[in-house]
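Going down the list, the sequences are from chains A and B. Here my numbering is used: the first residue of the first sequence is 983, the next is one more, and so on. Here my numbering is used: the first residue of the second sequence is 171, the next is one more, and so on. Everything on this sheet refers to the single structure shown next.
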Amino acid sequence: MLKVEGLERSYTTPDGLVHAVKGVSFEVPTGSFFTLLGPSGCGKTTTLRCVAGLEQPTGGRITIGGTVVAQPDNDIFVPAFKRDVGMVFQSYAIWPHMNVLENVSYPLVVRKPRPPRDEIRDRAMEALRLVGMDGLANRSATKLSGGQQQRVAFARAIVRHPKVLLLDEPLSNLDAKLREQMRYELQELVARVAITTLYVTHDQSEALAMSDNVAVMSDGLIAQMGPPRTVYNRPANEFVAGFLGGANFLDATIIEADGINSLAAFDEDRGSVRVSLPAGLNKGDRVQIVFRPEDAALRFSAGNNDNQVRASIARLSFQGGLTECHLKVGDTLVRSMLHPSVQADTGADAWIELNPARCTVYPAPERRSQV
Amino acid sequence: MSQISLPSGAVQRARIKRAAKAEKRADIGWAGWTAIALGAAAACYFILGPLLMLLTTAFRGPQDFLPFEDGAGWTLDNLAAVYFDRNLYTTIIPNTLIFTAGSVTVTFLIAFTLAWLVERTDLPFRNGVYTIILFPLLVPGIVLSITWIFLLAPNTGWINVILRTLLGLEGSGPLNIFSMGGMILAQGIGLVPFVFLLLSAALRSMNPSLEEASNTAGASPFTTIRRVTLPVLLPGLLAPLILATLITLEQFETPLVIGFPARINVFSTRIFFELNPDTDLPAYGRAAAVALPFLICGVLLLLLYNHFIRRAESFVTVTGKGFRPMRFALGRWRLPAILFISVYALFGALLPGFVLVWASLFGYSLPSFDILSTISFAGYADLFNNPKFWLAARNTFIVAGGSAVIVTTIGVILAWTILRTQLMGRWVLDFISFLSLGIPAVIAGLASMLLYLSMPIGIYGTVLALVLAYSYRMAVSTRLTRAALMQIHAELEEASSVAGGQWLTTIRRVVLPLLRPSLVASFILLFIIGFREFTIPTILQSPDNTVLSVMMWQAFQGGKTTQAAAVGTMIVIFVIPIIFGLRRFVLARDGRD
């Protein structure tokens, strides 16, 4: 339904060209939910705005429902108002001079030719019923709570059954508690309308929970793309691992190279771990072992197997349902989650038990191997 | 996101071109381009057109020819005649400087005291005081100047008559409005409401937590004022001071009405008398030559003003409504404060109003009970039977309303173009519209006169010429609309675009309705400015395009005191409904926020 190929967007500045999006390609099948995830400035919002038609790409091609809507090489650019998309803005952009019903009716009212009055009303009310706002149709837009605004914005975006629904960080304006609630609600709404959806967020839990497919973006490019579980469990590189759920990174050296049964030793004889060696790495190579805080179980005495690393407890932070534990492995900080019943003391030695199946190996970054 | 690449060859140039093209909003359609082009062209025409005419006229001669009449040519005679004239250096420039400095000092001392009392002390009846102080803002300067003559003319002025009776003096005096002191007093008091408005806004916009932080850090209230309040407010206080200087420099009413009989010429009256000499033909080139340095002064002051405004904006951050500024307890200063305000209200608003109405009913005589029986509505009867009065009233409404509509419309287009497009040259438009603030009305009038006299179409002397000449004051509406448009999240427009609305639909259904409060404010402000205007219609006057302020002046000059006072009263009566409209409008807006 939505196809983006080699999308580029550059800006002129006094210092030359700045590339915000440097060649992004992805495809969203009809009815599926696709998320662009990344830190601010990674180009995800620019990509979304190019799809919406609010910004002109400088390269590549965007196709919606089989129609090319943007292709600078052929001088094709369909402005936003001629594209069949619905969009929920970060600020919701509810027009304050219109009431709820007028806001939702707008996409039908400005349609050419304009549908009959009754049809506009029926369809707007239907959209409002879907989001549970039909009882507030005549309320002034200035008298809506954050959650209600989001519902109205959603109703307005889907009222004309667009081919593609675009969501630009729709939860970022809500406070933490409401955000979680609205996330579930949004998830249900999207499932109910079954529209092809492109979602932009910097919140990894939103992305992982809601999407059929996630693309993690960094510096104008897609760093990794795939179903949430794959991206989380098998991050393709250091950036993705670090951005998704606070990974731990430990330096190590390959001491046995034997495919899926290789052995990596941590520095200063702190321990070792059995790993599956990626292609191109050999014995003696410097690597980084990456694992998640929830996979770092603690033991307070040395075990006798390979998969552990010696550390000392640097800080304990009780957070109710769990205790977050910061450990020092040499100079490197490692985070681990403890059950609150576990007794531990700051300064004490501890051994991190590693699950080989949950560890990923990356070649050590160039810069560090040169030092 | 930021990776900066250096240009390398044709490929790179093509990419830059493409990026630059993509940055422009291409989806505004032909309607959008037409609107922007028309707005930009109109702004350039109304501001740059007359100014270019002025600039060239200064170098055209001989002096009694129109600048582009047959027989006129390039010359430096005008400049020589003006700048080799000792009179310029011995009287015009010193007079202008003394008048400006004196008036601004009077204005600022009074306005600052008033603003401080109303905004930062526990003065009683603050809202009522606020309204009283602002009232004279709506009365044309020419009316105020003439009421000062009623009060302080050496022989017949009410105050002089009373003083002579009280002190047992003979002859004339003791006070004389026809002096530099009189000019300064009249002008200084006349400008108080405007400066008060700006100063009170500046005082109100200060975040009180800045002062509270100083207090909790252990500073005494006095130390807090000295080390926190004043330094933070300084740019916000200096900006109105500069603006007051600019406005006083361009003043024409007071120097004409009070300065002329006193033989005190300043630059604005000098220009006027070059155009209306007693014996000779108008000397357009010399008038333009006098105008040039003052135009430069005006623009320099304007740049200074801009500098302070920017600093003030970066200093003072109001983060929300419902501020409760720290108010100083007046204590035993309460009575002197009330006295000060009463004296100002008496001389700034009440007495001028009273003397005006009185003179329209009883002529030039001092009020007394004996005279009440001689009340005469003849002045009004004459006025209402005089078709010239109705013509002038109609002209005033047409000119004020017409120019307010034109300027508000252009203001919206300029503000939208400046904020919402990436067009090259949009900052030039911003600068041009801002420039209009630095153009003295005398110069705007003179420049329009030259332009419309030179145009082959018979526009000179018509009401239309006045509408066009008034329409140069674009800064007010552009600034107001820009501020309002900045408050409108761009996503509100984008939402309309994504919903299927074309540019014109978006403007009509989203932008304009959201801007309505500021459009109304801009219209009302410009309407009041237009209604008060005296300088431009005086310079461009003809029998057909007389406006009320000019009619009042003509009557006064012709010795018809009662009629002049009646016209002045009628101006105030016409203006009063506008005050209430404005008040209701402002209150409604505050209520909604």
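Cβ atoms here follow ideal geometry from the backbone N, Cα and C, with glycine treated the same way.
Any 3 or more C-beta pairs closer than 8 Å across the segment 334–351 of chain B and the segment 382–401 of chain B: Flag = no, the segment 334–351 of chain B and the segment 382–401 of chain B do not touch.
Close-in-space but distant-in-sequence residues of the same chain around B:Val637 (CB under 6 Å, 5 per side omitted): For B:Val637, where only same-chain residues beyond five positions count, the Cβ hits under 6 Å are Val569, Gly572, Ser573.
Segment limits, alpha helix (DSSP H) that includes A:Gln1325: Looking at the DSSP string, A:Gln1325 is not in any alpha helix (DSSP H), and its letter there is neither H nor E.
Chain B contact for A:Leu1036 (CB, 7 Å cutoff): Closer than 7 Å to some Cβ of chain B, the Cβ of A:Leu1036 qualifies, so yes.
DSSP-derived helix/strand/coil call for B:Thr291: B:Thr291 sits in a strand when the DSSP states are folded into three classes.
Whether A:Ala1234 touches A:Ile1271 by CB criterion (7 Å): Closer than 7 Å, so yes.
Neighbour list for A:Val1092 in chain B, Cβ cutoff strictly below 8 Å: Result: Ser666, Ala669, Gly670, Gly671, Gln672, Thr675, Arg679.
Any chain B beta carbon closer than 7 Å to A:Ala1069: A small fix is needed here, since residue 1069 of chain A is Met in this sequence, not Ala. Closer than 7 Å to some Cβ of chain B, the Cβ of A:Met1069 qualifies, so yes.
Positions along the segment 636–662 of chain B whose CB lies within less than 8 Å of some CB in chain A: Contacts with chain A (Cβ-Cβ distance below 8 Å) from the segment 636–662 of chain B involve His659, Glu661, Leu662, listed in chain order.
A:Lys1310, enclosing alpha helix (DSSP H) - first and last residue: Note, A:Lys1310: premise wrong, no alpha helix (DSSP H); beta strand (DSSP E) at 1305–1311.
Own chain partners of A:Met1115 with C-beta closer than 8 Å, once the 5 adjacent residues on each side are dropped: Closer than 8 Å at the Cβ level, and outside the excluded window around A:Met1115, lie Val1082, Gln1130, Arg1133, Val1134, Ala1137.
Backbone secondary structure at B:Leu152 - three-state DSSP: Residue 152 of chain B cannot be examined here, being either before or after the span of chain B that is shown, 171 to 763.
Cα-Cα separation between B:Thr705 and B:Ile198, rounded to whole angstroms: C-alpha separation (whole angstroms): 40 Å.
Alpha helix (DSSP H) segments (min. 4 residues) lying fully within the segment 1113–1190 of chain A: Residue ranges of uninterrupted alpha helix (DSSP H) with 4 or more members, entirely inside the segment 1113–1190 of chain A and ordered along the chain, are 1128–1140, 1158–1175.
Alpha-carbon spacing of A:Asn1215 relative to A:Val1198, whole angstroms: Whole-angstrom Cα-Cα distance: 14 Å.
Within chain A, the residues that B:Pro683 reaches when beta carbons sit closer than 7 Å: Neighbours of B:Pro683 on chain A, chain order: His1079.
Any chain B beta carbon closer than 7 Å to A:Tyr1088: Taking Cβ atoms only, chain B reaches closer than 7 Å to A:Tyr1088, which makes this a yes.
Chain-ordered chain B contacts of A:Pro1054 [CB-CB under 7 Å]: For a Cβ distance threshold of 7 Å, residue set Arg188 of chain B lies close to A:Pro1054, ordered along the chain.
Inter-residue spacing [alpha-carbon to alpha-carbon] between B:Phe697 and B:Leu361: Roughly 18 Å between the two C-alpha positions.
Burial state of A:Glu1250 (16 or more Cβ within 10 Å): A:Glu1250 is exposed by the Cβ-count criterion.
B:Asp714 in three-state terms, based on DSSP: In the structure shown, B:Asp714 sits in coil (DSSP, three-state: anything other than H, G, I, E or B).
Cutoff 7 Å: A:Thr1040 Cβ touching any chain B Cβ: A:Thr1040 counts as touching chain B.
Cβ neighbours of A:Ala1119 in the same chain (closer than 7 Å, five flanking residues each side left out): So the qualifying residues of the chain are Val1082, Leu1083, Met1107, Leu1110.
Cβ of A:Leu1180 within 7 Å of any chain B Cβ: Residue-level contact by beta carbon fails for A:Leu1180 and chain B, as no gap is shorter than 7 Å.
8 Å contact criterion, which A:Arg1105 and A:Val1141 should meet: CB distance rounded: Rounded, the Cβ-Cβ distance is 6 Å, consistent with contact.
beta-carbon A:Gly1253 near the ligand GTP non-hydrogen atom, thresh 6 Å: Looking for the ligand GTP in the displayed structure turns up nothing, as the structure carries no ligands at all.
Chain-ordered neighbours of A:Arg1138 on chain B, where CB pairs are closer than 8 Å: One finds Ala665, Ala669 in chain B with Cβ atoms closer than 8 Å to the Cβ of A:Arg1138, taken in chain order.
Cβ shell of B:Phe510 (< 7 Å), same chain only, five flanking positions each side left out: The beta carbon of B:Phe510 lies closer than 7 Å to those of Thr283 in the same chain, with the five residues before and after it left out.
Cβ-based neighbour list, B:Arg702, same chain, cut-off 6 Å, excluding 5 preceding and 5 following: Beyond the five residues adjoining it in sequence on each side, B:Arg702 comes within less than 6 Å, by CB distance, of Pro310 in the same chain, given in chain order.
Option in B:Asp600, B:Leu634, B:Gly202 with minimal Cα separation from B:Met644: In terms of Cα proximity to B:Met644, the closest of B:Asp600, B:Leu634, B:Gly202 is B:Asp600.
Per-residue DSSP class, three states only, for A:Tyr1344: Secondary structure at A:Tyr1344: strand, using DSSP grouped into helix, strand and coil.
Three CB pairs or more closer than 8 Å across the segment 1254–1262 of chain A and the segment 1292–1310 of chain A: A contact between stretches requires three or more CB pairs, one per stretch, nearer than 8 Å, and the segment 1254–1262 of chain A fails this requirement with the segment 1292–1310 of chain A.
Given B:Tyr642 as reference, the closest of B:Leu607, B:Gly272, B:Ala242 once Cα atoms are compared: When C-alpha distances from B:Tyr642 are compared across B:Leu607, B:Gly272, B:Ala242, the shortest belongs to B:Leu607.
Sub-7 Å separation of B:Ala251 and B:Arg440 beta-carbons: No, the pair does not count as a contact, with Cβ atoms beyond the cut-off.
Residue span of the alpha helix (DSSP H) that contains B:Val633, given as start and end: Run containing B:Val633: 633–640, per the alpha helix (DSSP H) assignment.
Beta carbon of B:Ala596 nearer than 7 Å to that of B:Ile588: The sequence shown places Arg at residue 596 of chain B, not Ala. For the 7 Å CB-CB criterion, B:Arg596 and B:Ile588 form a contact.
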